[in-house]
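Please read the structure below before turning to the comments.
Chains as they are written, first to last, in the UniProt record's numbering: chain L, 1 to 406; chain R, 1 to 259.
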């Protein structure tokens, strides 16, 4: 048929024989893509009298928005916190590999490190779109060094910092530049943190509370100043107490300013959080749950000893501990494993499980106008999976960037 | 006329869809010779569209060389509104078949100049060689398309104000809020449909029974505009049993035996 398109001559792809996640429901609908974005086929039909140039048969599978991992420290032998000369190369290796897990965008995460590491690493990787080369980088997540000593977890004690006189100046001194930073995790009980939280939010950087001994009112205060995320809920914070729920109490706090939502990261690897605790959090505040891998360099590697930040860790099966201790140092479950485990542990719907890994992180980062959903106009970052949520193929900007070999 | 009576809605829908399919297939449409089809919207033809989609999916029919002309569209309703007839046709028919978008014609209720739009529509029908088969429904007040009671039986495509009956009947699509129902529409005229080579009217449900009675057992009357088709050489009324409830037993027996 002759082309009569008035808006663009770019080729149009129609994904057929699929179920798509839209409006929080899986629907039997075709998905149309043009120039890397999801296209409204009704407008195409009536306004442009256009039709598809190619069709992709999805064989009855599910099309989900691509997963977004906002906490990942490395993988496949790469540790982002290593002060290497070519951090970009390490990020690229991980970016390429995580396509297999359905991840299309991520925030490379740096654990507490000496200033020299931040100054060297942060400028090397800019925010950029994904593609055949790998998942897109949304900006660094710097977890620390402004965190609590008691709840440092696997973070090295000697590099922890507090805010001295200047508050925000101390932060800038530590990181050097915030140009490529999307998220900062800090402990709100540290003196001087309020102005820091405010200034970071003013600059569009997401502030997360974590590795902290804050009580609920300190946490609520931070939220009022703009904090919107909790780093790996339950881990590295005071446990829930019925007279002071601590940071965990944010899930049901009535002090969250109107129109704002507190999100919380969950490492649903079956190890970091008991399934019963995962269920309590999910039931208390389902729309805030964000699945994260918190994956370390060893993700994707065989069992043994590996490096994380400035420390050495040991792997056995799906467990990773600081060498010689019982302290968990991060997980090695992939994002799709987390999605499957989350669904199985909570009994939630497929839609909820997928949204916890796509829509919610996009909403958290304030990018849901173009990512994390299949609305018209959004970036066509997709992951194709079967009903058991095994990843079959991944697309970025409508192009196939990975397909599982039979 | 032919009066085809099927036991229920599903069978009536299937019969109508098969008729349309057979007509198109027998016509053997091609790039030089398109089959032109007039189409309705609403709950009555929904089952028929579902069946046509099924026949298309199983390879029994292609709409590649079919041109369609819808009967009507609301005035002033955004085209993307879920209750616009554009949305209806896209969701319930066009998106499931292989019709060329350039051949799917629906009146534009948001055109700058509504009269010019109506005239252009008539012109497009003429240029397409006229309509082979016009499929329509009937309103509870006996109207065809939006040719409300009192419409001229020789009318052409034009702007019409909707009758109260029609607005009330449509309220269910607008959350039962009468104030949100459009009050005007563009519609093909009775004369426009009469020009078609063949006309097929779908009528199902007890609430349409009285209108059917008025349309085929009483005289030709502009208060029941479907009655105009008594004067068309090739009209088929496809109904379910419930729609015949107001007819004479004699009429029903005659047409049931005639099959």
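For glycine and all other residues, C-beta sits at the position ideal for the given N, C-alpha and C.
So, residue i versus residue j, is the Cβ gap smaller than 9 angstroms?
i: residue 123 of chain L; j: residue 177 of chain L; result: yes
i: residue 91 of chain L; j: residue 114 of chain L; result: no
i: residue 151 of chain R; j: residue 143 of chain R; result: yes
i: residue 136 of chain L; j: residue 95 of chain L; result: yes
i: residue 39 of chain L; j: residue 63 of chain L; result: no
i: residue 42 of chain R; j: residue 137 of chain R; result: yes
i: residue 151 of chain L; j: residue 237 of chain L; result: yes
i: residue 77 of chain R; j: residue 216 of chain R; result: no
i: residue 141 of chain R; j: residue 165 of chain R; result: yes
i: residue 80 of chain R; j: residue 59 of chain L; result: no
i: residue 67 of chain R; j: residue 103 of chain R; result: yes
i: residue 416 of chain L; j: residue 10 of chain L; result: Any answer about residue 416 of chain L is impossible in this case: the structure gives chain L only from 1 up to 406.
i: residue 197 of chain L; j: residue 226 of chain L; result: yes
i: residue 202 of chain L; j: residue 228 of chain L; result: no
i: residue 187 of chain R; j: residue 157 of chain R; result: yes
i: residue 189 of chain R; j: residue 221 of chain R; result: no
i: residue 354 of chain L; j: residue 384 of chain L; result: no
i: residue 85 of chain R; j: residue 70 of chain R; result: yes
i: residue 33 of chain L; j: residue 45 of chain L; result: no
i: residue 268 of chain R; j: residue 5 of chain R; result: Since the first residue shown for chain R is 1 and the last is 259, residue 268 of chain R is missing from the structure and cannot be characterised.
i: residue 186 of chain L; j: residue 216 of chain L; result: no
i: residue 198 of chain R; j: residue 7 of chain R; result: no
i: residue 20 of chain R; j: residue 135 of chain R; result: yes
i: residue 269 of chain L; j: residue 323 of chain L; result: no
i: residue 153 of chain R; j: residue 181 of chain R; result: no
Pull up the CB-CB distance for residue i and residue j, whole angstroms please, since I reckon it's below 8 angstroms.
i: residue 230 of chain L; j: residue 265 of chain L; result: 7 angstroms
i: residue 101 of chain R; j: residue 51 of chain L; result: 6 angstroms
i: residue 357 of chain L; j: residue 335 of chain L; result: 6 angstroms
i: residue 36 of chain R; j: residue 130 of chain R; result: 7 angstroms
i: residue 110 of chain L; j: residue 143 of chain L; result: 7 angstroms
i: residue 104 of chain L; j: residue 387 of chain L; result: Incorrect: roughly 21 angstroms between the Cβ atoms, too far for contact.
i: residue 246 of chain L; j: residue 294 of chain L; result: With a Cβ gap of about 20 angstroms, residue 246 of chain L and residue 294 of chain L do not count as contacting.
i: residue 206 of chain L; j: residue 278 of chain L; result: Going by Cβ atoms, the distance from residue 206 of chain L to residue 278 of chain L rounds to 23 angstroms, so no, they are not a contact pair.
i: residue 220 of chain L; j: residue 195 of chain L; result: In fact, because the Cβ distance is near 17 angstroms, the residues do not count as touching under 8 angstroms.
i: residue 185 of chain R; j: residue 72 of chain R; result: 5 angstroms
i: residue 339 of chain L; j: residue 26 of chain L; result: About 14 angstroms separates the two Cβ atoms, so there is no contact after all.
i: residue 396 of chain L; j: residue 102 of chain L; result: 11 angstroms between Cβ atoms; not a contact.
i: residue 56 of chain L; j: residue 83 of chain L; result: Actually they do not touch by this definition, with Cβ atoms about 43 angstroms apart.
When you compare the segment 125 to 134 of chain L with the segment 149 to 163 of chain L, are there three or more beta-carbon pairs, one atom per stretch, that lie closer than 8 angstroms? In this structure the segment 125 to 134 of chain L does not touch the segment 149 to 163 of chain L; the number of beta carbon pairs closer than 8 angstroms is below three.
Under 8 angstroms (Cβ pairs) to chain R, residues found in the segment 49 to 62 of chain L: Cβ contacts with chain R: 49, 50, 51.
Of all the residues that make up the segment 32 to 51 of chain L, which are near chain R by a beta-carbon distance shorter than 9 angstroms? Cβ contacts with chain R come from 40, 41, 42, 43, 44, 45, 46, 47, 48, 49, 50, 51.
The segment 15 to 38 of chain R: which residues have C-beta closer than 7 angstroms to a C-beta of chain L, in chain order? Within the segment 15 to 38 of chain R, no residue has a Cβ that lies closer than 7 angstroms to any Cβ of chain L.
Using 8 angstroms as the cut-off, can you tell me whether the segment 6 to 21 of chain R makes contact with the segment 103 to 112 of chain R, which would need three or more C-beta pairs spanning the two stretches below that distance? Result no; under three Cβ-Cβ pairs closer than 8 angstroms.
Can we say the segment 68 to 78 of chain L touches the segment 360 to 377 of chain L, given the rule of at least three CB pairs closer than 8 angstroms? Cβ pair count under 8 angstroms is three or more, so yes.
Taking only beta carbons into account, state which residues of the segment 52 to 80 of chain R come closer than 9 angstroms to chain L, listed in chain order. Of all residues in the segment 52 to 80 of chain R, only 64, 79, 80 place a beta-carbon less than 9 angstroms from a beta-carbon of chain L.
Going along the segment 97 to 123 of chain R in order, which residues come within less than 7 angstroms of chain L, judged by CB to CB distance? If the cut-off is 7 angstroms between Cβ atoms, the segment 97 to 123 of chain R has 100, 101, 102 near chain L.
At what residue ranges does the segment 331 to 374 of chain L contain a whole run of the alpha helix (DSSP H), taking only runs of 4 or more? Runs of the alpha helix (DSSP H) inside the segment 331 to 374 of chain L: 335 to 346, 350 to 357, 359 to 364.
Assess, as a yes-or-no matter, whether the segment 48 to 64 of chain R is touched by the segment 14 to 27 of chain R under the definition of 3 or more beta carbon pairs within less than 8 angstroms. The way I'd put it, the segment 14 to 27 of chain R does touch the segment 48 to 64 of chain R; three or more beta-carbon pairs between them come closer than 8 angstroms.
Where in the segment 86 to 157 of chain L do unbroken runs of the beta strand (DSSP E), each at least 3 residues long, occur, reported from the N-terminal end onward? The beta strand (DSSP E) runs of length 3 or more contained entirely in the segment 86 to 157 of chain L are, from start to end of the chain, 103 to 110, 140 to 143.
Runs of 4 residues minimum, wholly inside the segment 80 to 165 of chain R: which ones carry the alpha helix (DSSP H) assignment? Within the segment 80 to 165 of chain R, the complete alpha helix (DSSP H) segments of 4 residues or longer fall at 85 to 92, 114 to 127, listed in chain order.
Does the segment 230 to 245 of chain R come close enough to the segment 199 to 219 of chain R that 3 or more CB-CB pairs lie under 8 angstroms? As far as the Cβ criterion goes, the segment 199 to 219 of chain R touches the segment 230 to 245 of chain R, which means the pair count is three or higher.
Ignoring anything shorter than 3 residues or poking outside the segment 206 to 247 of chain L, list the beta strand (DSSP E) runs there in chain order. Fully enclosed beta strand (DSSP E) runs of 3 or longer: 206 to 209.
Pairs of beta-carbons, one from the segment 85 to 99 of chain R and one from the segment 200 to 209 of chain R, closer than 8 angstroms: are there three or more? Not touching, per the Cβ criterion.
Between the segment 280 to 294 of chain L and the segment 313 to 320 of chain L, do three or more beta carbon pairs fall short of 8 angstroms? Taking 8 angstroms as the limit for Cβ pairs, the verdict is that the segment 313 to 320 of chain L does not touch the segment 280 to 294 of chain L.
Taking only runs of the beta strand (DSSP E) that begin and end inside the segment 265 to 297 of chain L, which ones reach a length of at least 3 residues, in chain order? Fully enclosed beta strand (DSSP E) runs of 3 or longer: 289 to 291.
Beta strand (DSSP E) runs wholly inside the segment 29 to 97 of chain L, at least 3 long, in chain order: Listed in chain order, the complete beta strand (DSSP E) runs (minimum 3 residues) inside the segment 29 to 97 of chain L are 31 to 34, 37 to 39, 54 to 57, 62 to 65, 67 to 72.
So does the segment 80 to 92 of chain R actually touch the segment 122 to 129 of chain R, counting three or more Cβ pairs closer than 8 angstroms? Contact between the segment 80 to 92 of chain R and the segment 122 to 129 of chain R is absent, with fewer than three C-beta pairs closer than 8 angstroms.
Please give the ranges of any beta strand (DSSP E) in the segment 23 to 87 of chain R, keeping only runs that are unbroken, at least 3 residues long and fully inside the region. Taking only runs of at least 3 residues, the beta strand (DSSP E) segments lying wholly in the segment 23 to 87 of chain R are 35 to 39, 66 to 70, 72 to 74.
What ranges does the alpha helix (DSSP H) occupy inside the segment 159 to 216 of chain R, keeping only unbroken runs of at least 4 residues that lie completely in it? Counting only runs that start and end inside the segment 159 to 216 of chain R, the alpha helix (DSSP H) elements of at least 4 residues fall at 164 to 170, 190 to 194, 209 to 216.
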